[in-house]
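S.K.:
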Amino acid sequence: MRQLMVSVCVLVCFGGMLMGSHEVTEIARKFVSEHEARIKPLEIEAGIAWWEANTSGKSEDFARKEAAQNRIDKALGDKNRFAVLKQLSGKIPEIDDPGMRRCVQLLYLQYLEKQANPEILKKIVSISNKVEKNFNTFRANVDGKDLSENEVRSVLKNSTDSIRRKQVWEASKNVGKLLESDLKELIKLRNEAAKSIGFTSFHALQLHLNEQNGEDLLRLFDELDKLTKGPFFKAKAQIDHELAKRCKVPVHELFPWHYHDPFFQESPAIFPSDLDSPFRKADILAICRDFYKGIGLPVDKVLARSDLYEKPGKSPHAFCTDIDRAGDVRVLANILPNEYWASTMLHELGHAVYSSLNMSPDMPYPLRGEAHILTTEGIAMLFERFSRKSAFLEKMGVKLEDPAGFQEAASRSLRYRLLIFSRWCQVMLRFEKAMYENPDADLNSLWWDLVEKYQGLKRPPGRNAPDYATKIHIVSAPVYYHNYMMGELFASQVHHALSRELFPGKSPSEVIYCNDERVGKYFREKIFSIGRKLSWNELIKSATGKYLEADSFASDFEEIKSAFK
Ligand SMILES: [Zn+2]
Numbered sequence: 006m007r008q009l010m011v012s013v014c015v016l017v018c019f020g021g022m023l024m025g026s027h028e029v030t031e032i033a034r035k036f037v038s039e040h041e042a043r044i045k046p047l048e049i050e051a052g053i054a055w056w057e058a059n060t061s062g063k064s065e066d067f068a069r070k071e072a073a074q075n076r077i078d079k080a081l082g083d084k085n086r087f088a089v090l091k092q093l094s095g096k097i098p099e100i101d102d103p104g105m106r107r108c109v110q111l112l113y114l115q116y117l118e119k120q121a122n123p124e125i126l127k128k129i130v131s132i133s134n135k136v137e138k139n140f141n142t143f144r145a146n147v148d149g150k151d152l153s154e155n156e157v158r159s160v161l162k163n164s165t166d167s168i169r170r171k172q173v174w175e176a177s178k179n180v181g182k183l184l185e186s187d188l189k190e191l192i193k194l195r196n197e198a199a200k201s202i203g204f205t206s207f208h209a210l211q212l213h214l215n216e217q218n219g220e221d222l223l224r225l226f227d228e229l230d231k232l233t234k235g236p237f238f239k240a241k242a243q244i245d246h247e248l249a250k251r252c253k254v255p256v257h258e259l260f261p262w263h264y265h266d267p268f269f270q271e272s273p274a275i276f277p278s279d280l281d282s283p284f285r286k287a288d289i290l291a292i293c294r295d296f297y298k299g300i301g302l303p304v305d306k307v308l309a310r311s312d313l314y315e316k317p318g319k320s321p322h323a324f325c326t327d328i329d330r331a332g333d334v335r336v337l338a339n340i341l342p343n344e345y346w347a348s349t350m351l352h353e354l355g356h357a358v359y360s361s362l363n364m365s366p367d368m369p370y371p372l373r374g375e376a377h378i379l380t381t382e383g384i385a386m387l388f389e390r391f392s393r394k395s396a397f398l399e400k401m402g403v404k405l406e407d408p409a410g411f412q413e414a415a416s417r418s419l420r421y422r423l424l425i426f427s428r429w430c431q432v433m434l435r436f437e438k439a440m441y442e443n444p445d446a447d448l449n450s451l452w453w454d455l456v457e458k459y460q461g462l463k464r465p466p467g468r469n470a471p472d473y474a475t476k477i478h479i480v481s482a483p484v485y486y487h488n489y490m491m492g493e494l495f496a497s498q499v500h501h502a503l504s505r506e507l508f509p510g511k512s513p514s515e516v517i518y519c520n521d522e523r524v525g526k527y528f529r530e531k532i533f534s535i536g537r538k539l540s541w542n543e544l545i546k547s548a549t550g551k552y553l554e555a556d557s558f559a560s561d562f563e564e565i566k567s568a569f570k
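Per the numbering used here, residue 6 is the first one in the sequence shown, and the count goes up by one each step.
1. Is A121 close to ligand 1? I mean its beta-carbon at under 7 Å from any heavy atom of the ligand.
2. How far does the beta strand (DSSP E) with N146 in it extend, from its first residue to its last?
3. Collect the residues with a C-beta less than 6 Å away from any heavy atom of ligand 1 and give them in sequence order along the chain.
4. W174 and W262 - do their beta-carbons sit closer together than 8 Å?
5. Please identify the residue among W429, P465, I535, N449 whose C-alpha is closest to the C-alpha of Y486.
6. Is F558 buried or exposed, if buried means 16 or more other CB atoms sit within 10 Å of its CB?
7. How about I289 and Y441: are their beta carbons less than 8 Å apart?
8. How about the stretch 458-471 and the stretch 498-517: do they share at least three Cβ pairs that are nearer than 8 Å?
9. Rounded to a whole number of angstroms, what is the C-alpha to C-alpha distance between E530 and L503?
10. In the DSSP assignment, the alpha helix (DSSP H) including C293 goes from what residue to what residue?
11. To the nearest angstrom, how far is the alpha carbon of N218 from that of L212?
12. Which residue from P371, F391, L379 puts its Cα closest to that of Y345?
13. Excluding the 5 residues flanking K577 on each side, which residues of the same chain have their C-beta closer than 8 Å to its C-beta?
14. Quick one: residues in its chain with C-beta nearer than 7 Å to the C-beta of G104, no 5 flanking neighbours on either side, listed in chain order?
15. For C108 and E31, I'd like the C-alpha separation in whole angstroms.
16. State the Cα-Cα distance for the pair K551 and F562, rounded to the nearest angstrom.
17. With distances taken Cα to Cα, identify the nearest neighbour of S164 among I275, L223, E457.
18. From which residue to which residue does the alpha helix (DSSP H) around V136 run?
19. Kindly indicate the opening and closing residues of the beta strand (DSSP E) around L503.
20. By the 10 Å Cβ neighbour count, where 16 or more other Cβ atoms means buried, how is L356 classified, buried or exposed?
21. Quick check: the Cα distance between A331 and S320, rounded to an integer number of angstroms?
22. Below 8 Å between beta carbons: does that hold for I384 and E271?
23. Which of the three DSSP states is assigned to K150 in this structure?
24. Am I right that F142 and G299 are in contact with their C-beta atoms under 8 Å? What's the rounded C-beta distance?
25. Considering C108, what are the terminal residues of the alpha helix (DSSP H) in which it resides?
26. Which residue comes first and which comes last in the alpha helix (DSSP H) that contains V524?
27. Look up V256 in the DSSP assignment and give the residues it is bridged to.
28. Measuring CA to CA, which of K119, F204, E389, K200 is closest to S497?
29. I'd like to know whether the C-beta atoms of V147 and V480 end up nearer to each other than 8 Å.
30. Could you give the first and the last residue of the continuous beta strand (DSSP E) run that contains L337?
31. Going by alpha carbons, who is nearest to F411 out of S395, K400, E220, R144?
32. What does a CB cutoff of less than 7 Å around S45 pick up in its chain, not counting 5 residues either side in sequence?
33. Tell me the rounded alpha-carbon separation between G467 and T549.
34. Where does F268 sit, in a helix, a strand or coil, going by DSSP?
35. Could you name the residues that DSSP lists as bridge partners for F276?
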């Protein structure tokens, strides 16, 4: 292996000589195949260790995951390999194979991140793992009793006792104090690493690595802010009215614990029809399996490898992971019979179908994956929306006692969800940007300033706690959250394009995909099979006819509004 590397180096170091595009292409091809040989086994090992750490919560699994990640970082940090890549990336127009051109662009960014001081990178991995483990194993403690995350959610969703809600909310936020000092160190180390390779902050570096631009991003979010502000505050007034009535408090005494999740990122369940009731006796797994099979994207292989129910030490969250980019795709979940877990399973399996399962094994390894995190989140979110459509549920054999009542409640809740989530994403994007640009600022206050401005929640009097550190993404998926919002925009845009093409004459709000294999074919051909051959915005343009924009998203929440008015 080392021998091969040296020979590549020599060839390109003679780069002063004129070299034909055929030779440059051959060097690129060789680099890519060596990359696969060196990195793929390490990525598989890290993926499996990560999976086992999250399903068991055991220290030895976290240690294994850390060791594997360090080996990857070391391999990608190799200075000689990076020098070759840097020269290749300066000769991209000369590479005569478009797939290889794209591989070089992507690998350059992947290696660039790891050119920072290896000691700093090692420290980052070690602290991230510690923080993640503490986060996963933390349980809110109320009156000496540990509550699981599902139990916390259940109190916030169902209790009408403001004192109890406050106790549980505050207990769940104690994880922030536990993580604060490690997280602050992590932020500084991430910044240090970014500065060592020429970026102003970790935030700027992450955007660059993900082929995004800070100015374009803020422009899009400012646009969204304008678009959603009026409808959001109107919706929130209706929500507040209902929440206050339930807890028998005046509206001006509503605090963050009166909302139905720890961050007010989802729509509270304030509707006359109970959205959970259809799911109490439904088999969520069977609905998902049948739905995906019906659209020609079966998930049986995924479910067979997945870990789907609660157990001690296991991560309380949900995710999907593609272990080997060759079809070993798994979902971690903690399914309970309610709407939250129905939508979450539709979401995670959306990621699962947009994976190597539906990509050609002949594609080069660096291209065998989703185009971007925002495109895979978008596909997942598009499928997630169906758990709030009565026509979808009835088609999937779920018994609805009052279909009209359910649809009215579900439409309202979906509209609220889109609006609420978009305001929450404003907080996350702007907080993370400010946090990395000035980590010594008063982050506790900054967090609540943004929450007040964009979400309209009231800061609890005198509260001075690191509440930002209670959001897992700030800790372990940094500078990621804006992609969820862009994913929502993509979800609307692709659903509208698909509806126009496959269901002409139907309103996108009526299109539900069930038992129509043309839908799977559409996704496979236009999006999944492309892998990373195109950058995210080029993929969006080729699949929908336009670059990413907010129009379809806006018409979605307006259309849903007219459906229940
Ligand atoms: Zn997701």
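Think of the CB as a built atom: it goes at the ideal place given N, C-alpha and C, for glycine as much as any other residue.
Being a predicted model, the structure only gives us computed values, none of them experimental.
M.R.: Result, derived from the coordinates:
1. No, Cβ of A121 sits at least 7 Å from all heavy atoms of ligand 1.
2. 145-147
3. H352, H356, E382, A385
4. yes
5. W429
6. buried
7. Cβ distance not < 8 Å, so I289 and Y441 don't count as in contact.
8. In short, these stretches do not touch, since the Cβ pair count stays below three.
9. 12 Å
10. 289-299
11. 6 Å
12. F391
13. As displayed, the chain neither begins before 6 nor continues past 570, which places residue 577 out of reach and without an answer.
14. P369, L372, K538
15. 13 Å
16. 20 Å
17. I275
18. 123-142
19. L503 -> not in any beta strand (DSSP E); alpha helix (DSSP H) instead, spanning 487-507.
20. The displayed chain sequence assigns His, not Leu, to residue 356. By the neighbour-count rule (16 or more Cβ atoms within 10 Å), H356 is buried.
21. 25 Å
22. No. Outside cutoff.
23. strand
24. What sits at residue 142 in the sequence shown is Thr, not Phe. With a Cβ gap of about 39 Å, T142 and G299 do not count as contacting.
25. 103-118
26. V524 -> alpha helix (DSSP H) spans 522-531.
27. Partner(s): none; V256 has no beta bridge.
28. E389
29. no
30. 334-337
31. In terms of CA proximity to F411, S395 leads the group S395, K400, E220, R144.
32. What sits at residue 45 in the sequence shown is Lys, not Ser. So the list reads Y370, once near-sequence residues are dropped.
33. 49 Å
34. F268: coil per DSSP, three-state reduction.
35. According to DSSP, which records beta bridges pairwise, F276 is partnered with nothing at all.
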